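Before any comments, here is the structure.
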Amino acid sequence: KDGKDLIETEKPKETFHDVGGLDAVKKKIRMNFILPLQQPELFAAYGKEAGGSLLLYGPPGCGKTFLARAIAGEIDANFLHIELQAILSMYVGQSESNLHDLFERARDNKPCVIFIDELDAMGGSRNNMRQHHDRMLVNQLLLELDGLQSFNDGVFVIGATNTPWYLDPALRRPGRFNHLIFVPPPEEAERETILNLKLAGKPIDRLELSRIAKDTRHFSGADLEQIVKDAVEGALERTLELAEIQPITQEDMRKSANGRKATTLEW
Ligand code: ATP
Numbered sequence: 025k026d027g028k029d030l031i032e033t034e035k036p037k038e039t040f041h042d043v044g045g046l047d048a049v050k051k052k053i054r055m056n057f058i059l060p061l062q063q064p065e066l067f068a069a070y071g072k073e074a075g076g077s078l079l080l081y082g083p084p085g086c087g088k089t090f091l092a093r094a095i096a097g098e099i100d101a102n103f104l105h106i107e108l109q110a111i112l113s114m115y116v117g118q119s120e121s122n123l124h125d126l127f128e129r130a131r132d133n134k135p136c137v138i139f140i141d142e143l144d145a146m147g148g149s150r151n152n153m154r155q156h157h158d159r160m161l162v163n164q165l166l167l168e169l170d171g172l173q174s175f176n177d178g179v180f181v182i183g184a185t186n187t188p189w190y191l192d193p194a195l196r197r198p199g200r201f202n203h204l205i206f207v208p209p210p211e212e213a214e215r216e217t218i219l220n221l222k223l224a225g226k227p228i229d230r231l232e233l234s235r236i237a238k239d240t241r242h243f244s245g246a247d248l249e250q251i252v253k254d255a256v257e258g259a260l261e262r263t264l265e266l267a268e269i270q271p272i273t274q275e276d277m278r279k280s281a282n283g284r285k286a287t288t289l290e291w
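First residue of the sequence shown: 25, per full-length UniProt numbering; consecutive thereafter.
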């Protein structure tokens, strides 16, 4: 199977509006990525250089993938999600040519955001054979990154990792992943915003989400999304029982929040 069959590009509908909180992160991305693309003269006048790639790091489930999709949504670009684990599991040689094919695919679908997940998976191996394989793939990725002519090329690369300390240093040089952005777990007010976003349009009772936000310290955005899903199930069960739409209640939310554990604590 060649790389072009491997993954299809898509056009994400998400925008920054769908990403709850993370205001500082969004601002930094706007300033360094989106605005230079939309108003290149302005940035050139200040000698501010565009280009390079963005590396998002932070605990799992806190919106790295979601943000990358939203960036594509903001600039109306295609989106290509590369899962490095899957590529690494191929034979030596095949991994590299697949990676190359994927970059080609992105170029054929300009403007395109390439999102590379689990960047740390490369180079973390202790096994000698694997190490050699990893190195070849890192080299191929470096080649691809160096081959991109900043934004004018219309291909933007966003990398993500939960463990930036394992990252191959060569990936951090200028022109490569030179914008490093921490995507933190949501704070209380951000948790309330995320809960509101995930509940939007659903039948709800009078909810006191600030209460739930307070009680969900160290929960990730993904955890909060799951709380809402569980609460929806509760309301749906009653709805089916009573054959009439039953709103999501504070009790549904409270119960599902209590039934979940925070996942960002150990990070
Ligand atoms: P991983 O490191 O495990 O890949 P991630 O940081 O890429 O995690 P996402 O896949 O972006 O996490 O988040 C998982 C889900 O959680 C998203 O699909 C989204 O629905 C929800 N989510 C996370 N953070 C936010 C947020 N700030 N606003 C809205 N939804 C969020």
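Heads up, the beta-carbon is just placed ideally off N, CA and C, and yes, glycines get one too. On a predicted model such as this, the values are computed, not experimentally measured, just so you know.
Ranked by Cα distance from ALA101, the first of ARG284, MET55, GLU290, VAL179 is VAL179. When secondary structure is reduced to three states using DSSP, PHE243 falls in the coil class, being assigned neither helix nor strand.
Only exposed fits ASP47, as fewer than 16 other CB atoms lie within 10 angstroms of its CB. The secondary-structure analysis by DSSP pairs ASP141 across a beta bridge with GLU107.
For the set ARG54, ASP170, ALA96, the Cα lying nearest the Cα of HIS124 is the one of ASP170. At a threshold of 8 Å, LEU91 counts as near the ligand ATP, since its beta carbon sits closer than that to one of the ligand's heavy atoms.
The C-beta of ALA255 has 16 or more other C-beta atoms within 10 Å across all chains shown, which makes the residue buried. Apart from the 5 residues on each side of it in sequence, GLN164 sits with its Cβ closer than 7 Å to the Cβ of GLU120, LEU123, HIS124 in its chain, given in chain order. Here the C-alpha atom of ARG284 lies approximately 8 Å from the C-alpha atom of ASP247. Taking one beta carbon from each stretch, the stretch 65-83 and the stretch 179-192 have 3 or more pairs nearer than 8 Å; the two touch. Assigned with DSSP and collapsed to three states, LEU46 falls in coil, not helix or strand. The nearest non-hydrogen atom of the ligand ATP is 8 Å or more from the C-beta of GLY183.
For LEU221, there is no enclosing beta strand (DSSP E); the residue is found in the alpha helix (DSSP H) stretching over 212-223.
Non-local beta-carbon contacts of LEU233 in its own chain, meaning distances under 7 Å to residues more than five positions away in sequence, involve GLU216, LEU219, ASN220 in chain order.
Here the alpha carbons of LEU172 and ALA69 stand approximately 23 Å from one another. LEU231 has its Cβ no nearer than 8 Å to any heavy atom of the ligand ATP. With a cutoff of 9 Å on beta-carbon distance, LEU166 and ARG200 are scored as near each other.
If you draw a straight line from the Cα of ILE95 to the Cα of GLN118, it is about 30 Å long.
Less than 9 Å separates the beta-carbon of ILE140 from that of ILE182.
Taking ASN56 as the centre and dropping the five residues before and after it, the same chain places the C-beta of HIS203 closer than 6 Å to its C-beta, in chain order.
Within its own chain, the residues whose Cβ lies closer than 6 Å to the Cβ of LEU195, once the five positions on either side in sequence are excluded, are PHE201, listed in chain order. In this structure ASP158 is buried. Its beta-carbon is surrounded by 16 or more other beta-carbon atoms within 10 angstroms. With contacts defined as CB atoms closer than 9 Å, LEU108 and THR33 fail to qualify as a contacting pair. In the three-state reduction of the DSSP assignment, TYR81 falls in the strand class, which pools E and B. Going by C-alpha positions, ARG54 is about 32 Å away from ASP239. Relative to the non-hydrogen atoms of the ligand ATP, the Cβ of GLY85 comes within a distance shorter than 8 Å of at least one.
From the listed residues PHE243, PRO193, GLY76, the smallest Cα separation to LEU289 is found for PHE243.
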